[in-house]
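Quick notes on the structure that follows.
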Amino acid sequence: MAPRLARFAPLIGFLVGGAAGWPRLPAPVGDAPPDRFSGERALAHVRTWASAPRPSGSARHAEVLDALEASLVASGLEVTRHPFTTGKVRGVNLVATAPGADDRDGVWLVAHSDSAPRSPGAADDGFGLAVVVEAARALSAGGPPPGLKVLLTDAEELGLHGARAEVGRVPEARRVVINVEARGASGPVYMFQTAGPPDAVLGAWRRSGCRAQATSLARTVYELLPNDTDFTVFRRAGWAGYDFALIHDAWRYHSPDDVPEGLDPGSVQQAGDCVTGLARAWLEAGGVEALGGGGGDGARPVYAQLAGPTMVVPGVLAQVLGLGALGLALAPGATGRGGRVRGAVAWLVAAGLCVAAGFGLLALYPHLRADFWERAAEAPGAGGRFVGLALVGAAIPALVLAVARRRGPAERGWHGVGVGLAAAAAFWEPAAGYLLLPGAYAGALALRGRPVAAGLAAVLAGLLLAPVLQAIYPALGSRAAPVLAVLPLLLLGWLAPPPPAAR
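See the structure below:
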């Protein structure tokens with residue numbers, strides 16, 4: 086490789102990996118075999134059920150419950166209503182099973198039936214209702230499997246009351262729960278938290294063929310957000326399973342704009358394929374028996390999407406790889422001389438300036454949009470703010486490093502800080518820190534004068550980072566501007582040029 090081109094190997098590798106790893110949605114399926122999930126059939130349900138707000142206890146909610154029951158019965162399932170009272174809240178959960186099957190253990194498809202008071206709730210959670218009902222129909226095409234169950238909870242918007250009532254009704258049950266939610270209305274479907282024995286839960290995931298976005302980082306991010314779902318109640322009760330959601334176009338969330346026309350048909354199809362495939366994988370493996378003696382919220386596994394398939398590694402491997410990257414960067418014989426302190430100071434200055442710029446933009450946004458702080462989620466056009474934050478977060482480190490390099494070599498210290506942070510993150514929180522490891526190796530290999538190897542590490546970094554970059558800005562929202570402004574440095578700082586060769 087020509088020396089000039091070799092300097093760009095990490096950037097080229099990242100672009101190649103990012104293009105291969107960028108999330109893609111399937112086309113919605115119309116006419117399909119009876120046992121195949123149809124996005125078009127599911128969307129027809131949404132258009133019927135999400136024509137008006139359906140808050141818990143309203144007349145419209147009662148009408149939708151009747152329609153949901155009729156659809157489940159048409160699939161051959163037997164539906165039971167479970168009224169509940171928790172505090173001052175009254176509601177009714179719908180439970181559907183194969184005729185004569187028990188309603189305790191099994192593989193459960195879950196969504197909530199109520200909407201926010203002012204919202205038609207096409208995405209939250211008409212999306213989940215339609216996916217669950219259509220998936221149950223496809224799974225019951227040859228007759229409902231005894232292990233398949235459906236739970237449609239009530240009063241989720243009032244504080245997860247339906248989920249709490251169901252857990253209280255069957256406190257000793259063992260269940261695999263597949264919960265479908267929404268905080269947006271479009272984009273890739275994200276499986277953002279799991280519960281249960283990692284081997285069983287992620288083994289079924291791999292067998293299912295699901296291509297929704299999945300990363301163990303997501304739960305770490307989710308726990309920083311003010312949102313919650315029914316799945317949290319189930320996880321705390323010791324049940325196993327998965328939590329799905331949409332997050333793009335979050336400005337529709339809980340608003341009058343959450344209408345059927347705003348729901349992405351490709352998102353519906355992707356969610357349906359995943360839910361159907363996951364349920365089949367569990368049912369074919371014996372349902373809850375596939376959990377073995379385990380259950381509940383097991384140790385957090387380390388997993389990520391890798392251009393479709395999901396890669397799962399032990400947490401200890403991520404820790405070892407982090408220490409390996411640090412050793413590679415610190416070992417004698419690195420390319421170039423000097424620049425350790427200068428580069429490290431430049432990295433820290435760049436980080437501080439990015440955070441300060443984020444706070445500055447955060448102070449500016451309310452002047453551009455008066456209701457900035459009042460909205461529960463993003464407003465229309467938030468994508469422009471995300472692009473601006475990303476550009477600011479990329480431009481500031483580039484300028485700081487350029488200034489530092491005018492005074493002498495700075496790359497060794499710059500890359501050294503990045504590698505050190507990646508190693509520390511992988512050691513203390515492997516489920517999230519793994520994301521920094523390919524970039525750490527790209528930086529460390531650049532320090533060793535191995536541009537081709539650094540480029541290969543950058544390909545892996547692109548594969549892992551592309552879906553995360555697409556998700557994390559809308560997930561956190563522009564009210565997290567200081568964090569979003571520093572993310573390009575944290576995730577992509579290793580794209581800085583390698584140090585010049587020693588003379």
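If you're matching positions, the sequence shown starts at 86 in our numbering and goes up one per residue. We treat Cβ as the ideally placed atom computed from N, Cα and C, and that holds for glycine.
Could you tell me the alpha carbon to alpha carbon distance between residue i and residue j, rounded to whole angstroms?
i	j	result
A565	T317	23 Å
R588	G362	Low per-residue confidence applies at R588: pLDDT is 47, beneath 50, and the placement is therefore not dependable, though the value from the model is reported in the following sentence. Whole-angstrom Cα-Cα distance: 59 Å.
I263	P523	31 Å
W324	L376	10 Å
V177	G288	34 Å
A370	A356	21 Å
A105	Y275	18 Å
E266	G534	47 Å
A511	G227	47 Å
W367	P230	11 Å
A322	G247	14 Å
G98	E154	52 Å
L110	G493	47 Å
A479	L521	17 Å
D190	Y327	16 Å
V302	P417	Note on residue identity: the sequence assigns Leu, not Val, to residue 302. The alpha-carbon atoms of L302 and P417 are separated by roughly 33 Å.
A94	R292	35 Å
D313	A538	42 Å
D358	V158	22 Å
P482	W432	7 Å
P536	W499	17 Å
R92	R497	15 Å
G161	A270	30 Å
L476	L574	11 Å
H197	P282	25 Å
P202	P138	6 Å
D209	V306	20 Å
L484	A546	23 Å
W290	T395	8 Å
G540	G103	13 Å
P168	S143	15 Å
E257	H146	30 Å
A542	F471	27 Å
G469	V434	26 Å
A507	E308	21 Å
Assuming residue i and residue j are in contact, meaning their beta carbons sit under 8 Å apart, how far apart are those beta carbons, in whole angstroms?
i	j	result
R296	G407	Not confirmed; about 28 Å, so no contact.
F277	R304	6 Å
A590	V131	Beyond the ends of the chain as shown, which are 86 and 588, falls residue 590; an answer cannot be given.
A240	D199	6 Å
P108	P311	Not really, about 25 Å apart at Cβ, beyond 8 Å.
E242	S141	7 Å
A414	L532	6 Å
L411	G503	Not quite, the Cβ-Cβ distance comes to about 11 Å (not below 8 Å), so this is no contact.
Within its chain, find whatever has a CB closer than 8 Å to the CB of residue i; leave out the 5 residues flanking it on each side and keep chain order.
i	result
V114	R121, F122, S123, G124, E125 and Q354
D188	T165, V180, T182, K234 and V255
L128	P113, A215, P345, L348, P350 and V353
V192	G232, L233, K234, R260, V261, I263, A364, W367, L368, G372 and V373
A509	G407 and G518
P552	G106, W107, P108, P273, Q298, T300 and Q390
Beta-carbon of residue i versus every beta-carbon of chain B: anything under 9 Å?
i	result
V265	Absent from the structure is chain B; it holds one protein chain and no more.
Ignore the nearest five residues each way along the sequence and tell me which others in residue i's own chain have a CB closer than 6 Å to its CB.
i	result
L447	A566
L245	D315 and V318
T300	A389
L391	L548
V101	V544
T238	N178, H197, G247, A248 and D315
Grab me the residues of residue i's own chain with a C-beta within less than 7 Å of its C-beta, minus the 5 sequence neighbours each way, in chain order.
i	result
W134	V149, A152, G211 and L214
A495	G424, R427, G428, A431, L486 and A489
Q404	A511, F512 and P515
T171	H246, R249 and A250
V440	P567, A570 and V571
Length-filtered (4 minimum) alpha helix (DSSP H) runs lying within the stretch 227-261:
Taking only runs of at least 4 residues, the alpha helix (DSSP H) segments lying wholly in the stretch 227-261 are 246-254.
On the three-pair Cβ rule with 8 Å, is the stretch 523-532 touching the stretch 564-583?
Taking 8 Å as the limit for Cβ pairs, the verdict is that the stretch 564-583 does touch the stretch 523-532.
Any alpha helix (DSSP H) of 4 or more consecutive residues that is wholly inside the stretch 104-151:
124-134
Quick test of the definition: if touching needs 3 or more C-beta pairs under 8 Å, does the stretch 556-565 touch the stretch 423-430?
no
Could you pull out every unbroken beta strand (DSSP E) segment of at least 3 residues lying fully inside the stretch 278-347, listed in chain order?
325-330
Check whether the stretch 458-474 and the stretch 326-342 are in contact - that is, three or more C-beta pairs closer than 8 Å.
yes
Minimum length 3: unbroken beta strand (DSSP E) runs contained in the stretch 386-458:
387-390 and 395-398
Please give the ranges of any beta strand (DSSP E) in the stretch 164-223, keeping only runs that are unbroken, at least 3 residues long and fully inside the region.
The DSSP assignment places complete beta strand (DSSP E) segments of no fewer than 3 residues inside the stretch 164-223 at 174-182 and 191-197, in order along the chain.
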